[in-house]
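Trainee: The structure's right below; bear with me while I get my questions together.
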Amino acid sequence: MNNWEHFGDRPALDKALAAHIAGLLQADIDTRGRASLALSGGSTPKGMFAALAQCDIAWQNVCITLVDERWVAPDHEDSNERLVREHLLTGHAAAATFVSLTGDAANAADGLGEVTARFSDFPLPFTCVVLGMGGDGHTASWFPKASNLQALIDPANPALLGTCEPVTAPHQRMTFTLPAVLAAGSIILHITGTEKRDVLDAAADQHYPIAAVTEQHDNPVTTWWAP
757 MNNWEHFGDR PALDKALAAH IAGLLQADID TRGRASLALS GGSTPKGMFA ALAQCDIAWQ
817 NVCITLVDER WVAPDHEDSN ERLVREHLLT GHAAAATFVS LTGDAANAAD GLGEVTARFS
877 DFPLPFTCVV LGMGGDGHTA SWFPKASNLQ ALIDPANPAL LGTCEPVTAP HQRMTFTLPA
937 VLAAGSIILH ITGTEKRDVL DAAADQHYPI AAVTEQHDNP VTTWWAP
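Numbering-wise, my numbering comes out as the position in the sequence shown, counting from 1, plus 756.
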């Protein structure tokens with residue numbers, strides 16, 4: 757099930773979404789002492805990250821990671837971690853703990869065990885997961901032509917994380933699985949523009965990977981959108 761929050765422009769969306777996420781995090785801190793947030797990369801969330809960084813909550817009790825990551829060095833131009841460090845982990849949010857999805861192994865598959873082990877003391881399930889979506893209907897690193905797509909989006913997959921060879925995009929990936937996403941307290945899809953909205957509208961009929969999230973009924977998803 758997919759609910760919608762519409763905004764007239766992207767700055768208004770960024771500000772409102774940041775405030776909403778900050779409220780979810782603080783509420784979870786008040787309840788269980790810690791909170792956790794899984795974020796997506798790309799250009800869409802930059803403004804939201806900047807707004808969220810200025811929200812005054814107990815960031816020292818927040819653990820942040822990524823929904824997925826390219827298997828590149830953290831300072832690589834294509835690194836989602838670099839994006840988060842530059843745009844979110846500043847201001848108040850600099851006090852948060854960040855857990856990386858990349859490492860020194862030669863490839864993502866070899867690094868899977870090491871990365872998974874980092875989450876042994878991570879506050880799971882996530883307080884909030886913020887997903888993005890590509891023009892091909894992928895979210896996380898669940899790419900339409902990946903050979904292991906069905907395993908990554910299998911609701912019965914017991915694994916927290918998996919790897920992906922996108923085929924249609926560069927770099928190997930580390931990604932959370934569908935069950936890890938669906939276990940979150942709140943699932944948000946953050947997209948902008950009419951093209952992305954059209955892709956989402958067609959997701960179920962076209963069997964795009966994003967439909968694994970938006971068409972399920974166990975944990976409602978809210979799409980935050982602006983033109």
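For each residue, glycine too, the CB sits at the ideal point set by N, CA and C.
My assumption, with CB atoms under 8 Å, is that residue 817 sits in contact with residue 841. Please give the rounded CB distance.
Mentor: Within the sequence shown, residue 817 is the residue found at index 61, counting from 1. Within the sequence shown, residue 841 is the residue found at index 85, counting from 1. That pair is no contact at about 19 Å.
Trainee: On the three-pair Cβ rule with 8 Å, is the stretch 856-866 touching the stretch 809-825?
Mentor: The stretch 856-866 vs the stretch 809-825: in contact.
Trainee: In angstroms, rounded to a whole number, what distance separates the CA positions of residue 814 and residue 782?
Mentor: Within the sequence shown, the letter at position 58 stands for residue 814. Within the sequence shown, the letter at position 26 stands for residue 782. Using only the alpha carbons, I get a separation of about 7 Å.
Trainee: Whose CA, out of 866, 867, 802, lies closest to the CA of residue 715?
Mentor: The structure shown has nothing for residue 715, since the chain only spans 757 to 983.
Trainee: Answer with buried or exposed for residue 764, where buried requires no fewer than 16 other C-beta atoms within 10 angstroms of its C-beta.
Mentor: For the purposes of this step, residue 764 is taken as residue 8 along the sequence shown, with counting starting at 1. Classification for residue 764: exposed.
Trainee: Please return the same chain residues whose Cβ sits closer than 7 Å to the Cβ of residue 922, not counting the five positions on each side in sequence.
Mentor: Here residue 922 corresponds to residue number 166 of the sequence shown, with the count starting at 1. Answer for residue 922: 897, 899, 902, 929, listed in chain order.
Trainee: Given that a residue counts as buried once 16 or more other Cβ atoms are within 10 Å of its Cβ, and exposed if not, what is residue 942?
Mentor: Position 186 of the sequence shown, counting from 1, holds the residue named residue 942. Under this definition residue 942 is a buried residue.
Trainee: Here's the rule I'm using: 16 or more other beta-carbon atoms within 10 Å means buried, otherwise exposed. How should residue 804 be labelled?
Mentor: What you label residue 804 is simply residue 48 of the sequence shown in a count that begins at 1. That one is buried.
Trainee: From what residue to what residue does the beta strand (DSSP E) around residue 768 run?
Mentor: If you number the sequence shown from 1, residue 768 lands on position 12. That residue, residue 768, is in no beta strand (DSSP E); its alpha helix (DSSP H) goes 766-788.
Trainee: Of all the options 761, 890, 960, 794, which has the alpha carbon lying nearest to the alpha carbon of residue 932?
Mentor: What you label residue 932 is simply residue 176 of the sequence shown in a count that begins at 1. Among 761, 890, 960, 794, the Cα nearest to that of residue 932 is on 794.
Trainee: Going by DSSP, which residues form a beta bridge with residue 919?
Mentor: Position 163 of the sequence shown, counting from 1, holds the residue named residue 919. Its beta-bridge partners are 930.
Trainee: Could you tell me if residue 826 is buried or exposed, where buried requires 16 or more neighbouring beta carbons within 10 angstroms of its beta carbon?
Mentor: By one-based count along the sequence shown, residue 826 stands at place 70. Buried is the call here.
Trainee: Who pairs with residue 977 in a beta bridge, going by DSSP?
Mentor: Walking along the sequence shown from the start, residue 977 turns up at place 221. According to DSSP, which records beta bridges pairwise, residue 977 is partnered with 758, 943.
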